[in-house]
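Residue numbers (the numbering used here): 23 to 610. Idealized CB from N, CA, C, for every residue including glycine. Being a predicted model, the structure only gives us computed values, none of them experimental. Okay, structure first, notes after.
Put into structure tokens, the structure is as follows:
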């Protein structure tokens with residue numbers, strides 16, 4: 023039996039372990055989802071960004087190379103087609119006089135220097151005679167004499183000229199890479215001359231720049247004939263070179279661990295950028311490393327946060343437990359707060375509970391002590407009205423026996439008013455009863471004020487039988503006497519008439535000084551409940567309370583008044599039977 027009971031005991035979980043587990047889950051799972059979602063987005067974004075960047079950089083380099091070739095073409099046409107230079111070159115080749123040849127040589131060199139000066143992108147410039155023992159006829163710089171255009175790597179042919187490169191410059195004792203052009207010059211006679219031009223020494227470096235990509239890039243130049251004429255990195259795998267030679271249409275492809283980007287010139291030559299896989303995916307790999315570091319940091323942070331939260335929770339929990347234990351030992355001692363808002367809120371409610379428990383216990387003790395006194399007071403409350411009535415009856419008979427008619431009338435009215443106010447047990451009366459009691463009360467007030475005001479009642483018979491709560495009219499006429507009458511010739515008129523088929527209108531009007539809005543608000547204010555009143559002590563707030571109780575929130579006492587124009591107080595109530603009003607009083 024004990025083993026079965028032990029099996030049914032629920033497993034106790036540690037708040038600390040649960041807190042750590044929840045914090046780990048709460049921190050790591052959202053991070054995992056964010057990483058998965060962002061990886062799919064960032065991967066495509068970064069790939070597109072890199073491809074767009076490399077494509078744009080490749081296009082810029084190709085444009086610079088196009089410009090270099092066009093500049094060479096423009097300069098070569100100046101040397102090959104300019105009539106003055108060509109004529110002087112023809113004259114030089116045919117001249118036999120040394121002096122004249124010297125003059126022509128100086129003039130040609132001067133014109134060559136002028137063209138080179140106006141074209142700063144030019145480097146070495148020379149006129150070539152292939153069939154001469156010394157093929158270099160004129161040059162602006164020292165040039166190697168063993169010049170052979172057939173040994174240069176042909177790049178492209180266009181506009182009647184051949185372009186080579188990149189290759190080592192023909193400038194003496196220099197290893198710079200240049201692009202060059204050779205164009206035929208039509209001189210007189212049967213000899214063939216050419217103009218040879220090179221780009222300046224740093225143009226190739228400016229055209230193909232790795233810095234514009236922000237990553238490791240290897241450039242390849244493919245000639246018009248499909249031959250790879252230049253490779254920046256000699257250790258580039260052969261598979262990449264084979265792929266470049268074989269693939270001549272796609273602008274983006276992969277081979278040998280490289281991403282290859284191709285630009286095809288309208289003249290047929292190609293510029294290819296080879297990006298290693300590691301460089302191409304460098305930003306993605308960097309993002310993954312950062313996410314791993316972020317995940318580990320989140321794990322450490324969650325552990326530290328769980329420990330700190332546990333410390334903040336454990337100590338207040340101990341204090342709360344101590345206060346619960348102390349309740350049985352000393353229920354009057356105040357609780358000790360933890361300075362933690364949430365726990366102090368619980369302890370504050372706990373203190374409130376302790377106070378209420380102590381108050382209830384004290385109230386029970388007081389009630390037990392005063393129970394007998396309340397019983398006596400209950401008997402006295404029943405005896406006092408009877409004693410007062412009997413005494414007034416005695417005064418009434420004495421007044422009659424002595425012929426004191428005014429005193430007899432006054433006491434008779436007072437007995438009727440007291441009998442209505444104190445002798446009735448039911449709160450529901452007819453309008454007829456209410457008017458009769460109100461009339462007796464008003465007659466007493468007229469005697470008190472020496473008949474200084476007139477009083478008139480207008481009531482229709484069908485309304486007189488309608489049940490209403492007691493004391494609806496007396497507070498209204500009382501208010502008219504104390505707040506509405508002028509010193510002389512006062513008039514108070516009470517009307518009880520139908521208002522539509524289902525309602526009745528009860529109105530009290532006076533011709534007094536009237537009320538301002540502040541006085542009206544003060545009379546209707548619930549705060550006046552505790553203020554001592556004149557007369558029978560029943561105020562307008564009582565009327566409002568009875569209307570809400572028996573007729574709901576829709577029925578209200580309304581006051582219309584202006585200073586100097588009297589006051590009108592009215593109530594519009596639905597017609598109901600006595601049973602309905604009694605049910606509203608008990609259950610409404």
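With respect to the C-alpha of residue 441, the residue from 459, 157 and 452 having the closest C-alpha is 459. Cα atoms of residue 544 and residue 528: separation of roughly 22 Å, rounded to the nearest angstrom. For the set 542, 385, 53 and 586, the Cα lying nearest the Cα of residue 315 is the one of 53. Cα atoms of residue 322 and residue 46: separation of roughly 9 Å, rounded to the nearest angstrom. Cα atoms of residue 107 and residue 270: separation of roughly 42 Å, rounded to the nearest angstrom. Here residue 216 is buried, its C-beta having at least 16 other C-beta atoms within 10 Å. When secondary structure is reduced to three states using DSSP, residue 593 falls in the strand class.
Taking the C-beta atoms as reference points, residue 589 is found nearer than 8 Å to residue 534.
Per DSSP, reduced to three states, the secondary structure at residue 442 is helical. Note on geometry: alpha-carbon atoms of residue 162 and residue 309 lie some 55 Å from one another.
Out of 486, 331 and 354, the CA that lies nearest to the CA of residue 40 is found in 331.
Its chain contains 157, 216 and 218 as the residues whose beta carbon lies nearer than 6 Å to that of residue 150, once the 5 sequence neighbours on both sides are disregarded; these appear in chain order. The beta carbons of residue 101 and residue 137 sit closer together than 8 Å.
The C-alpha of residue 354 is placed about 11 Å away from the C-alpha of residue 381. When C-alpha distances from residue 439 are compared across 430, 461, 426 and 422, the shortest belongs to 461. The criterion of a C-beta distance shorter than 8 Å is satisfied by residue 531 and residue 515.
The C-alpha of residue 170 lies about 23 Å from the C-alpha of residue 114. From the listed residues 580, 57, 593 and 89, the smallest Cα separation to residue 306 is found for 57. According to the DSSP secondary-structure assignment, residue 185 is paired through a beta bridge with 178 and 203. Counting along the chain, the unbroken beta strand (DSSP E) around residue 512 starts and ends at 512-520. DSSP, reduced to helix, strand and coil, places residue 165 within a strand of the structure shown. Residue pairing from DSSP places residue 221 in a beta bridge opposite 144. Counting the other CB atoms within 10 Å of its CB gives residue 205 a total of 16 or more, which places it among the buried residues. By the Cβ test, the stretch 495-502 is in contact with the stretch 511-525, since at least three Cβ pairs between them sit closer than 8 Å. Between the alpha carbons of residue 265 and residue 297 lies a gap of roughly 14 Å.
For residue 463, the enclosing alpha helix (DSSP H) stretches over residues 453-470.
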